[in-house]
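With our numbering applied, the sequence shown covers 848 to 1002.
Even for Gly, the Cβ is constructed at its ideal location relative to N, Cα and C.
Below: the structure, in structure tokens.
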Amino acid sequence: METDFEEFHQLHSDIRVMKYTTGKVYTRNQSQSSLDDIVRSYSRNNKKVNVWAVRLKSKEQPLIGTCALISNEHKEWEVGYRLMPSFWGMGLATELLLKLEFYCFKTHDINMIVGYTYSENKASIKVLTRCGFEIDRTYKKPGDLRYYKRCTSLR
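Below, the structure written as structure tokens:
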């Protein structure tokens, strides 16, 4: 469990990973609090927060990221992912998002998922559009937040 925390903290203390999420890195205490919140949501059987560890092939491999499906404040199912920078550009985010789509559309009664990213986050925009998401609207806030959605079923 200590190794899990160290890997989780490594992910969340990298500014390259956190740039488009919180915009700042987590301290050890913030990482611990976040991990505790995730574990608590599972122990309470909270179906509105789903966060999974991402590893290559087996549990023995190090944590390379996380992916999530969360019911947001608008009662939408929001998808998200974070990967260690050494695993960027390998198609893993696309693979994760396609698996999340399958999970939502084929194994659960979810007919729309959404994703948010900033206009300067070209890599995530590519992943979202490659997976069939379409831009729905742009929020004129600092950073130009874009809202993407993917409806109904897989291609």
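At what residues does the beta strand (DSSP E) containing Tyr867 begin and finish?
What you label residue 867 is simply residue 20 of the sequence shown in a count that begins at 1. Where Tyr867 is concerned, there is no enclosing beta strand (DSSP E), given that its DSSP letter is neither H nor E.
Residues in its own chain within less than 6 Å of Ile957 by CB, not counting five upstream and five downstream?
The residue labelled residue 957 in the question sits at position 110 within the sequence shown. Trp924, Cys951.
Measuring alpha carbon to alpha carbon, tell me which residue in Leu947, Asn968, Tyr928, Tyr867 is nearest Ile960.
By one-based count along the sequence shown, residue 960 stands at place 113. Selected option, being the one with the closest Cα: Leu947.
So, Tyr994 versus Tyr965, is the Cβ gap smaller than 8 Å?
The residue given as residue 994 occupies position 147 in the sequence shown. The residue given as residue 965 occupies position 118 in the sequence shown. For Tyr994 and Tyr965, no; Cβs fall outside 8 Å.
Between which two residues does the beta strand (DSSP E) containing Arg891 stretch?
By 1-based counting over the sequence shown, the position of residue 891 is 44. It is not in any beta strand (DSSP E) - Arg891 carries neither H nor E in the DSSP assignment.
If you count every other CB in all the chains shown that lies within 10 Å of the CB of Thr913, and 16 or more means buried, which is it?
Along the sequence shown, one-based indexing puts residue 913 at 66. Buried.
Hey, how far is the Cα of Gly936 from the Cα of Ser971?
In the sequence shown, counting from the first residue as 1, residue 936 sits at position 89. In the sequence shown, counting from the first residue as 1, residue 971 sits at position 124. Whole-angstrom Cα-Cα distance: 11 Å.
Mind checking whether His856 and Tyr867 have CB atoms under 8 Å apart?
In the sequence shown, counting from the first residue as 1, residue 856 sits at position 9. In the sequence shown, counting from the first residue as 1, residue 867 sits at position 20. Not a contact, by the Cβ cut-off of 8 Å.
Quick one: complete beta strand (DSSP E) runs, 3+ long, within the region 965-998?
981-986, 992-998
Once DSSP output is grouped into helix, strand and coil, what is the label at Glu925?
Taking the first residue of the sequence shown as 1, we reach residue 925 at position 78. Strand, per DSSP.
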